[in-house]
Structures are given as structure tokens and as C-alpha cells.
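As given, the protein sequences belong to chains A and B, one line each in that order. Plus 1 on top of the position in the first sequence (first one is 1) and you've got my numbering. Plus 569 on top of the position in the second sequence (first one is 1) and you've got my numbering.
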Amino acid sequence: MSTNKDMNLILKIWRQKDQKSSGKMVDYKVNGISPDSSFLEMMDVLNEGLISKGEEPVEFDHDCREGICGMCSLYINGEAHGPDRAVTTCQLHMRKFKDGETVTIEPWRAKAFPVLKDLKVDRSSFDRIQQAGGFISVNTSGNTQDANATPISKYNADKAMDAATCIGCGACVATCKNASAMLFVGAKVTQYSLLPQGQVERKERVLNMVKQMDLEGFGNCTNTGACEVECPKGISLENIAIMNREYLKASITKED
Amino acid sequence: MSVLDAKIPEGPIKEKWTNHKNNINVVNPANKRLIDVIVVGTGLAGGSAAASLAEMGYSVKAFAYQDSPRRAHSIAAQGGINAAKNYQNDGDSIYRLFYDTVKGGDYRSREANVYRLAEVSGNIIDQCVAQGVPFAREYGGLLDNRSFGGVLVSRTFYAKGQTGQQLLLGAYSAMNRQIGKGKIQMFSRHEMLDVVKVDGKARGIIARDLVTGKIERHSAHAVVIASGGYGNVFFLSTNAMGSNVTAAWKIHKKGAYFANPCYTQIHPTCIPRSGDHQSKLTLMSESLRNDGRIWVPNNLDDVKAIREGKLTPTAIPEESRDYYLERRYPAFGNLVPRDVASRAAKERCDAGFGVNGTGEAVYLDFKSAIQRYGKEKALVTGNHNPTDTEVLEYGEEVIKAKYGNLFQMYEKIVDQNPYKTPMMIYPAVHYTMGGIWVDYNLMTSIPGCYAAGEANFSEHGANRLGASALMQGLADGYFVLPYTIGDYLADEIRTGPIPTDTPEFDAAEKEVSDTLNKLINIKGTKSVDHFHKRLGKVMWNNVGMARNESGLKEAIKTIREIREEFWKDVRVPGTTQGLNTELEKAGRVADFLELGELFALDALDRNESCGGHFREESVELDGEQKGEAKRDDKNYKYVAAWEWTGDAGKSKLHKEKLEFNDIELKQRSYK
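Structure follows, in C-alpha cells:
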């Protein structure tokens, strides 16, 4: 545990009243921040101060504060989820910053993620991509076959799990110069393509999800790999390659 | 007829559920389209219920306060999900899972409900695999299992340390399929603020669009509350920041009884708090107790030296360590149930053996496991004479494969490497066994209003076993509620669409708007968090791991004072229009301030120790069990179901007597 003394910081934060208004960067000071506190706890201190001064607190998304719900989404000093690696904003700790530092905080920037207020954005485009095909069509019945009836190689199960760990935060989109969602979509396509249960709808799934992704206004992938670097869950760029292969195969061989 | 009729079907326990399913009414497929069901909450219970109901043909409206159903807090469950599959051939069975759950719950749950839960547990795993949930597998391609506390078999299925996430994404994908078909209308960033009753039946809800601030009316033939637990009444808990009691509390105030509010699970393995800045506590999965050994130094000089930074835990020799769980409970050791492990940690820390600055931490040590796995892996890889360094490397590899994400999470938060030095852990509020009272059909005491998952009270008694929350959430949503709700809805096929321009909806909407306006217009001096933190402190100190009469009475008095002050002096900035997180929080804390009082009142009424509820007045005074919790079956073998009367402190107690026909009541012994 760090024994460093408390820190004072200058914050430059994007403030925007609502979706229709234009926004601007506003400067704030926060003092007495413990290096052991998380970035969002620092934001809590800022907001407590604003409330006591009669000002409106800064709106930002967050919920589980343990790096799994995917709700938190701050662009800190030009990096999605800030300077640390393999963490979400809520897992970022203030010991990664220096006393007196100026910290710039922006929302995710992408056409498909419109700002709702301050640092909160609308990521429902991700939901719509999943609704287009991110599932296996099996009803609840109690009569599906026994879970062990179809063995799945540990290698494929583990690879599917690696892809499935995506938390849908959108850091990949926010960090991509093209605002591409291909890491997100690729992860889901890969998960199901590796599992026997995903085979029947394999072609339709990738075609439908990619179509919806394009409709939402996400950009294309130009292989810079920034998404992989900023992904808090370490989703590999390989998933994009797999999705591209799946898409090509499906386009050529689809039945109808 | 008593209002507390649990409607448990007749017949032997093994046949109750099957017979009940055969005998209840069903709705014909053409009529299901004409019936609307509202589901509040999209975690494992709500998400699976919404998806299953829509698959069956009902028109579903689902509500979540988060921006997507995938973010519900079920996602944070780490360790696993239980099912009586007996894949390990270790003697597991439906009966054994039933028995373990009733015993683990300290004989305060309903036998018939628990048996049904055990019965459908296997189906859950089948269903999830069919959905593409990537559970952990062995090299042969079959599903792997691990052990959890309070049981002697290996029945826990898992997906790394992210089982809740994978199961929720499974339910979310099933929901997405139905949303895409228009069978589920999804309302994200919406919060339910009241239930609407017409002629005594639940007929809809009032919800607030959290982006625009608009108050909306939604009608339905039935309302399902699956809004999770209320651990955030303690301010600090492992729950998500937004987790709240509001939906459950609103139906309580409209006639749904609240059962056993004091049954709270304090989870033994959480990262200890480090200071006043802390906003939440982080869980370290119970699965770690499979391989981690819990200890504190056995002399106070070492404790002092550690706290002063003059001694490191790795330098303390074996003989100077007190592996207190192994010492006190040789049969179960580090895998005793959560309530027992938590109290044992508190006991050591209260005695002065806590190993961090706050005095509230014990060690969870993986050194033995690293050594054991390292030697095993060396042999497997053909290295028959490994050096100590090699053993360490091999062992750390194995531990990393099992718990890598948890170790990483720990390191990010605490800034220490748990592969090299023991983790520090301390108990934290994690789960609430209490909740809305429901009958066997999961219907609350409001006709047409159901409660599922953590929001209801029914399966875990006074203590929940590890990996059983996911099981219960999915059992309720996939396999119980979709059947039982048909029994009620069969009478609704002639009702037709329910209008929202009625006096009942007018009145409910006005009440909601008035409350929001009142909160905004107090314009006091203190923030919502200020009051929430004060409430949390009272709850933790007086209504936490150990409770006594005078402390509880004091808590009731203090909570009332805080509540009064809140309504005079809270400051909620902004307006009721548009996005306003502080206003959302204010509404939730207002409800916690009422629930907190009922919680303490329930703990005061129950003058026995059972499961997670420990009354200092009720302990074993002598014999082998000296100092352990003492249950009082003669006087307290009941479910305490509280009726709202207009003031939390004057709530009316109804008792549902618990019958145990298939399990003999015994003192829980893990020694």
C-alpha cells in the first residue's frame, strides 16, 4: 500500500448540458486526494465539492466499480480508461498520477456513441448489434441435451472464453481513429464460431451483426491495433481477423 | 384464508414440483400475445425471466436503470454456479444439494422451495451450455467443477472468475433475440418508482426515464420485481453503486410483505477498506478458499511489527501462525460457510490480531497451494527434480490459470503482488437473503406482483452458500416463474389491454412526482452521500456481523433521526428534468433510510443467532460448540414477514411457520 501523501490536481473536464447542446472543457481543482483512492473516488470528491458550492456535479457512468459491468467510460489524458493497462476507469488508481498534475477527462468520442450529458454517452448501438445476431437461437425448455453430451476441446472452450470476457465498455471504439467497433463485434462472432452450439447460425450471425455495425455508423478497421492496447480485458486483435474470415466465408457460401 | 399462505403443493417433496406443474393453469399460445408482463431488473433473474416469458409468447416490457441489460450486478459474481449433476461421481444428488442448502441456511428456508431449486439446478447448466456459455472444461472436453464453502462435494461450475458475467451474457443474448423480434420492449436507463394497483391487483408501474426525466406510465397484467438485493443500505458493500431497494420497497409500501430483512450475508473474503475515501468494497471470490489458507500471527508482537512495517508476513514462521479456521473447524477448515468464516475473522480482529493499519484484515495465503501445484506440475512436465525456483514458477502458473483475473484485480487495488505475499482480506456486506415475501409460485402478497432472484426471500434461509445465488436467480427466471405465472395469467385472458388513463395511474404518478419535487425543493446543506454514509455507519456498527438488543434499539433511534434530518436538510442539485444522478441517489437513499429501520427492528425481534444473523445474547455457553451461534427453533422457527403500516418502526409482523418434514433440525456443525 502506498504511503504517499495526499495529492492536489487540476482537472480539465468536458461539460455538456444535454445531447443537443454544445459542450466545452471546464477547469476544476481537487485537493487532498489519497493515492490509494480510485479515479472515480477522486471524481466523487470533486462532485461533493461542487454540490457543497451549489454547482451541478459532473455526470459520469459507473456502477460495479470492480471492472466488470463495463459502465465506466472516461477518456483520460488522451487514453480510454487512462494511463494504466488492462484496467477499466474504476480500477485505475490515483497512484498512477503525480501531485500537481493536470488531468484531462473527456467522454468516449464516436458518432455512434452520442453524448447524453457531460461524460455520459449512449452506447445502445452496441445492444442493437447484439440484437441483430449475437445469440444462439435456443428456447428455455429444461429439455436441452445434457451439458456434457457434446464435449468441447479445452482449447476451443478457453479461446471462446477469452473472447467472451469483453465487457462492452466501448474503449475500443473510443480509442480507434476510425471509431470502429470491430474488436467488439469480432469478439462475439469468435466466441460463437468456436463452439458447436454456434454453428447453425454461424453465417447469418456474422452477416447480420456486421450489417448492423455499419448501419450504426461505426468506422472500419485499418489495423492500427489501438483497440487491443486499450481494451481493459485484453481482447486480442486476432478476433477481428477471425471475424473478417467468417464474414468472407459467409458472403461467398451462404445458402440463400 | 391467511394472507401468509405459502401455497406449498401437497404430496411427497420429490413430487411436489412435477405435480404442481401438471396441475396449474396454462395460457393458450394465441392468448399469451394479448398479455403484457413487466419485468423490473435485468440481472440473472429478471433477464432470464424476460427472455423465457417472451419465448413463451407473452408481451414483455423490461426495465433497467443501467444503460444496457448486460450491466446488471449479477455480472460481478465471480466464483460459480452450483448444480447437482454429480459429474465428479462424488455422491452428489438433488437431495444432497437440497440438504446442504437447507443446512447452510441454518434451517430458516422453506423446504419445498429449496428442493425445487435443487431439482432444476441441472437444467440450468444444460440451458446455459446450449446458449454458448463457455464454462471451464477439462482436457477431455467435459465440464470442470470446483468446491465451495459449506459442502463436501464438487458441484460448482465456473467460467474463470467471471461466472456471473458469462451467465448474464447468456441471459442477455436470449433477451436480445426477443428484443430483435419485438417480443421484449427494453427500457434501459429507466427506474421504476412505483407499482400501480387496480382493484387490489398489480396492473403496472410508474417509471422515470433517467435521461429525459420524464415520468412514464406502463401497464401490464402482471409485474415481476427482479431488482436484486439491498446490501447498499450499509453504504459500503460489494454491490454496484446503483444497486438499490427502491423497486422492492415501493411494492412493500403498496402491500407486499418484506421477509427477514435482517438476514444479510457478510462475505469473508473482500479486500479490506483502506480509508475514508472508499466508495465500495471489492470481493475476492470464495473459490480462493479452495487453495488459500487463512491465518493471523499467533502473537501480538508480530502483529504490532507488521502494522509498523517492521515485519513482513512471509517472514513469520509456520509455528507463529494461527490458521484459525483449520484450528476451530478441522472438518471443513478454510471451506466453512461464509457466516462462520466471517465471524471467525471478526473474532480474531476484535482480539487484536488484525494485520493492517485499521486492524481489520487477516491473511489469505497461497504459498502452500503454489508449492503443492508446483511440485505436481513439475512431475507432469517430466521434471522429477525441480529446483525451489522452478516449483514456485510452476505453481504460480497453475494459480494464475485458476485465479489470474482475481489476483490482477487485487494487485491493481492494493498495489501488492499476491503471488509473493499473502492477500489481506476482511468481511464485507455482500448479499441479502431477506427480501420480498413470496409464496411457492413466487407471487408476493399483492396479487399479480411477483418477486424473483435476490429480491425475494425464499431459498437461502439465514445464510446463502457460495455459488447458489446464480443458481437461484436463473432457476427463478428460466424454470419457475415462467410456469407459475401462467396459473395467475390464465384468469386474465379476457381482461384486454389495461388503460393507463385511469384514476389509479393518475394517483400513482402524482405521488411519484410529488416526492421528486419535494426532494429537489428541500435545498438543504448536506449531500445525499453524507446521509448515506451516516446510515451505513450505524448499520455496520450496530446491525452488522454481531448484534445485541441495546445496539439495535440505538440503531433504530439513530436511523429515525438521520431520516428526519435527511428530509429537512438534503441538498439535491439540478431539477427533475433531464439527467440528474443526485436525484436518483436521493430517492434510493430515502428508501434505504426506511428499510434500515425495519432491518434493525427485524434483528431486534429475532432474539436467536441463525446463519448470518448473530445475536450476542444467543451463543452456546459450554461443550464442544462453546462460543458458536445458538439457534432457537422453539421460538423462532418462522419467516418474519413485515407489513407496512405507514411507518417503518410500526411495521406489523406476520409469522410463517416453517415445517421440516424431510430434514431433521440439527445444530450446524462444521467442526
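The beta carbon of each residue, even a glycine, is placed where N, CA and C say it ideally should be.
Should the region 997-1007 of chain B be regarded as contacting the region 974-987 of chain B, the criterion being three or more beta carbon pairs within less than 8 Å? Flag = no, the region 997-1007 of chain B and the region 974-987 of chain B do not touch.
Could you tell me the alpha carbon to alpha carbon distance between E1166 (chain B) and A1159 (chain B), rounded to whole angstroms? By one-based count along the second sequence, residue 1166 (chain B) stands at place 597. By one-based count along the second sequence, residue 1159 (chain B) stands at place 590. So the alpha carbons of these two residues sit roughly 12 Å apart.
Does Y708 (chain B) get closer than 8 Å to chain A when you measure Cβ to Cβ? Locating residue 708 (chain B) in the second sequence gives position 139, where the first residue counts as 1. Judged by the 8 Å Cβ criterion, Y708 (chain B) is in contact with chain A.
Relative to the alpha-carbon of T1064 (chain B), which residue among B:R772, B:A575, B:G824 and B:G973 has its alpha-carbon at the smallest distance? By 1-based counting over the second sequence, the position of residue 1064 (chain B) is 495. That would be B:R772, whose Cα lies nearest to the Cα of T1064 (chain B).
Have a look at F185 (chain A) and F61 (chain A) and give me their C-alpha separation to the nearest angstrom. For this step, residue 185 (chain A) is matched to residue 184 along the first sequence. For this step, residue 61 (chain A) is matched to residue 60 along the first sequence. If you draw a straight line from the Cα of F185 (chain A) to the Cα of F61 (chain A), it is about 22 Å long.
Where does L666 (chain B) land, buried or exposed, given buried means 16+ other C-beta within 10 angstroms? Here residue 666 (chain B) is taken as the residue at index 97 of the second sequence, counted from 1. Buried: at least 16 other Cβ atoms inside 10 Å.
Taking the straight line between their C-alpha atoms, what separation do you get for G1181 (chain B) and N954 (chain B)? Start at 1 with the first residue of the second sequence, and residue 1181 (chain B) comes out as number 612. Start at 1 with the first residue of the second sequence, and residue 954 (chain B) comes out as number 385. Taking the straight line from one Cα to the other gives about 48 Å.
Three or more C-beta pairs closer than 8 Å, one from the region 815-833 of chain B and one from the region 1169-1188 of chain B: is that the case here? Counting C-beta pairs with one atom in each stretch, the region 815-833 of chain B and the region 1169-1188 of chain B have three or more that are closer than 8 Å, which means they touch.
On the DSSP letters alone, give me the boundaries of the beta strand (DSSP E) that K118 (chain A) sits inside. Within the first sequence, residue 118 (chain A) is the residue found at index 117, counting from 1. Run containing K118 (chain A): V116 to K118, per the beta strand (DSSP E) assignment.
Measure the C-alpha to C-alpha separation of D215 (chain A) and V1141 (chain B) and round it to an integer number of angstroms. The residue given as residue 215 (chain A) occupies position 214 in the first sequence. The residue given as residue 1141 (chain B) occupies position 572 in the second sequence. Straight-line Cα distance between these residues: approximately 41 Å.
Counting contacts by CB-CB distance shorter than 8 Å, is Y1047 (chain B) in contact with chain A? In the second sequence, counting from the first residue as 1, residue 1047 (chain B) sits at position 478. Judged by the 8 Å Cβ criterion, Y1047 (chain B) is in contact with chain A.
Note down, in chain order, every chain B residue with its Cβ under 8 Å from the Cβ of Y193 (chain A). To locate residue 193 (chain A), count along the first sequence from 1; it is residue 192. Using a Cβ-Cβ cut-off of 8 Å, Y193 (chain A) is close to G701 of chain B, given in chain order.
Reduced DSSP category for E57 (chain A) - H, G, I as helix; E, B as strand; rest coil: Looking up residue 57 (chain A) in the first sequence gives position 56. E57 (chain A): coil per DSSP, three-state reduction.
What are the boundary residues of the alpha helix (DSSP H) that includes H1101 (chain B)? As a first step, residue 1101 (chain B) must be located in the second sequence, where it is residue number 532. Note, H1101 (chain B): alpha helix (DSSP H), V1097 to V1112.
Proximal residues to R536 (chain B) (C-beta, below 6 Å), its chain only, five neighbours per side dropped: With chain B running from 570 to 1240 in the structure shown, residue 536 (chain B) is simply not present.
Alpha-carbon spacing of K1137 (chain B) relative to L1085 (chain B), whole angstroms: As a first step, residue 1137 (chain B) is located in the second sequence; it is residue number 568 there, counting from the start. As a first step, residue 1085 (chain B) is located in the second sequence; it is residue number 516 there, counting from the start. One C-alpha to the other measures close to 14 Å.
Measuring only the C-alpha atoms, how far is D119 (chain A) from V230 (chain A)? Residue 119 (chain A) sits at position 118 when you count from the first residue of the first sequence. Residue 230 (chain A) sits at position 229 when you count from the first residue of the first sequence. One C-alpha to the other measures close to 26 Å.
Would you verify that the beta carbon of I694 (chain B) is, or is not, closer than 8 Å to some beta carbon of chain A? As a first step, residue 694 (chain B) must be located in the second sequence, where it is residue number 125. At least one chain A Cβ lies under 8 Å of I694 (chain B).
Chain-ordered chain B contacts of F98 (chain A) [CB-CB under 8 Å]: Translated into positions along the first sequence, residue 98 (chain A) becomes position 97. Those within 8 Å of F98 (chain A) in chain B number zero; the least Cβ separation is about 14 Å.
Using a Cβ cut-off of 8 Å, which residues of the region 847-864 of chain B contact any Cβ in chain A, in chain order? Q847, S848, K849, T851 and L852
What are the start and end residues of the beta strand (DSSP E) that includes R1157 (chain B)? Position 588 of the second sequence, counting from 1, holds the residue named residue 1157 (chain B). From DSSP, R1157 (chain B) is part of no beta strand (DSSP E) but of the alpha helix (DSSP H) over T1150 to D1174.
Verify whether the separation of the beta carbon atoms of Y892 (chain B) and W864 (chain B) is less than 8 Å. The residue you call residue 892 (chain B) lines up with position 323 of the second sequence. The residue you call residue 864 (chain B) lines up with position 295 of the second sequence. Yes, the Cβ-Cβ distance between Y892 (chain B) and W864 (chain B) is below 8 Å.
Determine, using beta carbons only, whether P1051 (chain B) comes closer than 8 Å to chain A. For the purposes of this step, residue 1051 (chain B) is taken as the residue at position 482 of the second sequence. For P1051 (chain B), the answer is yes, since a Cβ of chain A falls inside 8 Å of its Cβ.
Listed in chain order, which residues of the region 637-651 of chain B have Cβ atoms closer than 7 Å to some Cβ of chain A? S637, R639, R640, H642, I644 and A645
Mind listing, in chain order, the continuous beta strand (DSSP E) runs of no fewer than 3 residues lying wholly within the region 999-1053 of chain B? The region 999-1053 of chain B contains these whole beta strand (DSSP E) runs: 1018-1020.
How about G648 (chain B) and S854 (chain B): are their beta carbons less than 8 Å apart? Locating residue 648 (chain B) in the second sequence gives position 79, counting from the first residue. Locating residue 854 (chain B) in the second sequence gives position 285, counting from the first residue. Yes, the Cβ-Cβ distance between G648 (chain B) and S854 (chain B) is below 8 Å.
Determine whether the Cβ of D45 (chain A) lies closer than 8 Å to any Cβ atom of chain B. Sequence index remark: in the first sequence, residue 45 (chain A) carries index 44 (1-based). Yes, D45 (chain A) counts as interfacial toward chain B.
Let me confirm a value: M570 (chain B) is counted as buried when at least 16 other C-beta atoms fall within 10 Å, else exposed. Which label applies? Residue mapping note: residue 570 (chain B) aligns to position 1 of the second sequence, counting from 1. Confidence is the limiting factor: at M570 (chain B) the pLDDT is only 39, short of 50, which leaves the residue's position unreliable and the question unanswerable from this model.
Check whether the Cβ of K118 (chain A) lies closer than 8 Å to any Cβ atom in chain B. For the purposes of this step, residue 118 (chain A) is taken as the residue at position 117 of the first sequence. Interface residue, yes.
Contact set for P526 (chain B): own chain, Cβ-Cβ below 7 Å, skip 5 residues either direction: Residue 526 (chain B) falls outside the range modelled here, since chain B spans only 570 to 1240, and no answer is possible.
In the region 1130-1150 of chain B, which residues sit with their C-beta less than 7 Å from some C-beta in chain A, listed in chain order? R1140, P1142, G1143, G1147, L1148 and T1150
For a cutoff of 8 Å on Cβ pairs, would you count P84 (chain A) as touching chain B? Position 83 of the first sequence holds residue 84 (chain A). P84 (chain A) does not count as touching chain B.
Suppose contacts are defined by Cβ-Cβ distances below 8 Å. Is E1197 (chain B) in contact with V767 (chain B) by that definition? One-based indexing of the second sequence puts residue 1197 (chain B) at position 628. One-based indexing of the second sequence puts residue 767 (chain B) at position 198. Using a Cβ distance threshold of 8 Å, E1197 (chain B) and V767 (chain B) do not count as a contacting pair.
Residue from B:S1220, B:I875 and B:Y1239 whose Cα sits closest to the Cα of Y826 (chain B): As a first step, residue 826 (chain B) must be located in the second sequence, where it is residue number 257. Of the listed residues, the one whose Cα sits closest to Y826 (chain B) is B:S1220.
Kindly provide the ranges of any alpha helix (DSSP H) runs that are 4 or more residues long and lie completely inside the region 75-133 of chain A, ordered along the chain. Runs of the alpha helix (DSSP H) inside the region 75-133 of chain A: 125-132.
Find out if the Cβ-Cβ distance for the pair G1017 (chain B), R858 (chain B) is shorter than 8 Å. Numbered from 1 along the second sequence, position 448 holds the residue referred to as residue 1017 (chain B). Numbered from 1 along the second sequence, position 289 holds the residue referred to as residue 858 (chain B). Cβ atoms of G1017 (chain B) and R858 (chain B): not closer than 8 Å.
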